[in-house]
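**Student:** Structure in structure tokens, see below.
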Amino acid sequence: MKTEIVKVDPTDIVSAEVSLRRAAEIIKNGGLVVFPTETVYGLGGNAIDSSAAAKIYSAKGRPADNPLIIHIATPADAEKYTYTCELYYKLAERFMPGPLTVIMKSRDIVPCQTRAGLSTVAVRCPENPIANRLIALSGVPIAAPSANLSGSPSPTKAEHAADDMLGRVDMIIDGGECEFGLESTIVKIEDDMTLTLLRPGKITPEELSELCELRIADAVTHSLKSGEAVLSPGMKYRHYAPKAPVLLLDGDVLSNILYIQSDTEKRVALISYSDDKTAYEKSLHSVDIYTLGARTDEVSQAHTLFALLRDLDKRNYDKIYAPLPEKRGIGLALYNRMIRAAAHRIIKTK
Ligand code: TXA
Ligand code: MG
46 MKTEIVKVDP TDIVSAEVSL RRAAEIIKNG GLVVFPTETV YGLGGNAIDS
96 SAAAKIYSAK GRPADNPLII HIATPADAEK YTYTCELYYK LAERFMPGPL
146 TVIMKSRDIV PCQTRAGLST VAVRCPENPI ANRLIALSGV PIAAPSANLS
196 GSPSPTKAEH AADDMLGRVD MIIDGGECEF GLESTIVKIE DDMTLTLLRP
246 GKITPEELSE LCELRIADAV THSLKSGEAV LSPGMKYRHY APKAPVLLLD
296 GDVLSNILYI QSDTEKRVAL ISYSDDKTAY EKSLHSVDIY TLGARTDEVS
346 QAHTLFALLR DLDKRNYDKI YAPLPEKRGI GLALYNRMIR AAAHRIIKTK
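Numbering of the sequence shown is given in the numbering used here, commencing with residue 46 and proceeding in unit increments.
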């Protein structure tokens, strides 16, 4: 398949109209379009067309039991696809449009393929003007997983999406770098009107708890034991993992240095907070050091992480060390992605 790449300026959505209309036609006709959102690039198709959903799974190489998020142009559109409730509108008023996905009971109009046979469906109303306008012009909800091949880090730049999706989709809309860089926060509305956090993101547990009782699913911070029930199918799959083993260091700079110095691998990379870079450089001469952002600047860490993992993957390291994030605020989202990239290998160096 030939993939058309179209550049669109998210700050000039009026000039983008012609391109976005063409993209919307592709979606309406059952094709696939990669588009930017405020979190990561999405691989979009008509959510209420089961054959478009099937194409998405095949383009991504995604297991058919891992459901898709349906993207809507305005929060009230959720009414057409799910059974909403007061709590949904409370969440919508506070966080939408934006990086929050809400899981509710599905209406029959959403094909089984889109929701992987579950009785629930995930909805999200993105804030990125390109994404939002594309959905509105399509006139249908857009099912969109992250636009990476299954298992690799979500794309935060069009080039990353193209690396994975060229020849597999009809169009890639290049709208520059995604603002946040990690996927949306996912919550499920339970029957008793409490929330379960299934995937942490920019909208933090602390913020959500201000509105409603919130439980954090075990799989957010722990590996699943064999046979354990999984609330979100995506949690059971290996994710974000570069080819080289990633190890998370739980210690201070000195204890981490002593640990890495005892490593006999040849090509070692270290992901460090910018605050610690000089100290590491002084002691670890044969280790390549990459910065994630300042220790307390979780927003820039989130923005950098996936692009950095993709970059490191091309450099063929034998091993990659990275810091273990704090499980607070946006730190929880970084922790969740990094323990998956590291296959839960955490080393206490202190
Ligand atoms: O930021 C995002 O959410 C991006 C952009 C493109 O919007 N999309 C995204 O989609 O990250 P995806 O498919 O890569 O991740 C969606 C996750 C999967 O882990 C899936 O298992 C889970 O959401 N999910 C979807 N529907 C669900 C449902 N009904 N119940 C439980 N988990 C669900
Ligand atoms: Mg994904």
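Built from N, CA and C at the ideal position, the CB exists for glycine as well.
In chain order, what residues of the same chain lie with their CB nearer than 7 Å to the CB of Leu-182, ignoring the 5 residues before and after it?
**Tutor:** Along the sequence shown, one-based indexing puts residue 182 at 137. For Leu-182, where only same-chain residues beyond five positions count, the Cβ hits under 7 Å are Leu-65, Arg-66, Ala-69.
**Student:** Determine the closest residue to Pro-278 out of Glu-251, Lys-322, Leu-240, Arg-244, with distance taken between C-alpha atoms.
**Tutor:** Position 233 of the sequence shown, counted from the start, is the residue given in the question as residue 278. It is Arg-244.
**Student:** One question on the structure: do Ile-234 and Val-147 come within less than 8 Å of each other, judged by their Cβ atoms?
**Tutor:** Translated into positions along the sequence shown, residue 234 becomes position 189. Translated into positions along the sequence shown, residue 147 becomes position 102. Cβ atoms of Ile-234 and Val-147: closer than 8 Å.
**Student:** Kindly list the residues whose CB is nearer than 8 Å to the CB of Ile-71, restricted to its own chain and excluding five residues on each side of it in sequence; keep chain order.
**Tutor:** Locating residue 71 in the sequence shown gives position 26, counting from the first residue. Excluding residues within five positions, the ones whose Cβ falls inside 8 Å are Leu-77, Val-78, Asp-215, Met-216.
**Student:** Could you please give me the residues that DSSP links to Gly-338 through a beta bridge?
**Tutor:** Here residue 338 refers to the residue found at position 293 of the sequence shown. DSSP, once it has assigned bridges, lists Tyr-318 as partnering Gly-338.
**Student:** Using 8 Å as the threshold, is the C-beta distance between Ile-375 and Ala-339 below it?
**Tutor:** In the sequence shown, residue 375 corresponds to position 330, counting from 1. In the sequence shown, residue 339 corresponds to position 294, counting from 1. Their beta carbons are not under 8 Å apart, which means Ile-375 does not touch Ala-339 by this criterion.
**Student:** To the nearest angstrom, report how far apart Asp-110 and Ala-161 are at their CA atoms.
**Tutor:** Sequence index remark: in the sequence shown, residue 110 carries index 65 (1-based). Sequence index remark: in the sequence shown, residue 161 carries index 116 (1-based). Rounded to the nearest angstrom, the two C-alpha atoms are 5 Å apart.
**Student:** Can you tell me where the beta strand (DSSP E) with Arg-244 in it begins and where it stops?
**Tutor:** Taking the first residue of the sequence shown as position 1, residue 244 is located at position 199. Residues 240 to 244.
**Student:** Got a sec? Which residues, its chain only, sit under 6 Å from Arg-213 by beta carbon, not counting five neighbours each side?
**Tutor:** Here residue 213 refers to the residue found at position 168 of the sequence shown. Here the set comprises Ala-104.
**Student:** Taking the alpha-carbon of Ala-4 as reference, which of Leu-299, Ser-328, Leu-294 has the nearest alpha-carbon?
**Tutor:** Summary: the structure shown does not reach residue 4, with the chain confined to residues 46 through 395, and so no result is reported for it.
**Student:** Any chance the stretch 152 to 166 sits against the stretch 249 to 256, with 3 or more Cβ pairs inside 8 Å?
**Tutor:** The stretch 152 to 166 vs the stretch 249 to 256: no contact.
**Student:** Identify whether Thr-323 lies in helix, strand or coil by the three-state DSSP scheme.
**Tutor:** Position 278 of the sequence shown, counted from the start, is the residue given in the question as residue 323. DSSP places Thr-323 in helix when its eight states are reduced to three.
**Student:** Tell me whether Asn-301 counts as near the ligand TXA, meaning its Cβ is closer than 7 Å to at least one heavy atom of that ligand.
**Tutor:** Position 256 of the sequence shown, counting from 1, holds the residue named residue 301. No, the beta carbon of Asn-301 sits no closer than 7 Å to any heavy atom of the ligand TXA.
**Student:** Which residue comes first and which comes last in the alpha helix (DSSP H) that contains Arg-260?
**Tutor:** One-based indexing of the sequence shown puts residue 260 at position 215. Element bounds for Arg-260: not the alpha helix (DSSP H) but the beta strand (DSSP E), 259 to 261.
**Student:** Between the stretch 252 to 267 and the stretch 114 to 126, do at least 3 Cβ pairs fall closer than 8 Å?
**Tutor:** No, they do not touch.
**Student:** What are the uninterrupted segments assigned as beta strand (DSSP E) that are 3 or more residues long and contained completely in the stretch 125 to 185, given in chain order?
**Tutor:** The stretch 125 to 185 contains these whole beta strand (DSSP E) runs: 145 to 150, 165 to 169.
**Student:** Identify whether Pro-250 lies in helix, strand or coil by the three-state DSSP scheme.
**Tutor:** Counted from its first residue, the sequence shown places residue 250 at position 205. Of the three classes helix, strand and coil, the one that applies to Pro-250 here is helix, per DSSP.
**Student:** Does the stretch 81 to 98 come into contact with the stretch 175 to 193, if we say contact requires no fewer than three beta-carbon pairs (one atom in each stretch) closer than 8 Å?
**Tutor:** These segments touch.
**Student:** Do Ile-218 and Ile-175 have their CB atoms nearer than 8 Å?
**Tutor:** Residue numbering aside, residue 218 sits at position 173 when the sequence shown is read from its first letter. Residue numbering aside, residue 175 sits at position 130 when the sequence shown is read from its first letter. A contact, by the Cβ cut-off of 8 Å.
**Student:** With respect to the beta strand (DSSP E) encompassing Asn-301, which residues constitute its N-terminal and C-terminal limits?
**Tutor:** Translated into positions along the sequence shown, residue 301 becomes position 256. Asn-301 -> not in any beta strand (DSSP E); alpha helix (DSSP H) instead, spanning 298 to 306.
**Student:** What are the partner residues of Met-210, as DSSP defines its beta bridges?
**Tutor:** To locate residue 210, count along the sequence shown from 1; it is residue 165. DSSP output for Met-210 lists no bridge partner at all.
**Student:** Reducing DSSP to helix, strand and coil, say where Ala-188 ends up.
**Tutor:** Taking the sequence shown and counting its residues from 1, one reaches residue 188 at position 143. Ala-188: strand per DSSP, three-state reduction.
**Student:** Inspect the beta-carbon positions of Tyr-30 and Ile-302 and report whether they are closer than 8 Å.
**Tutor:** What is shown of the chain runs 46 to 395, which leaves residue 30 out entirely.
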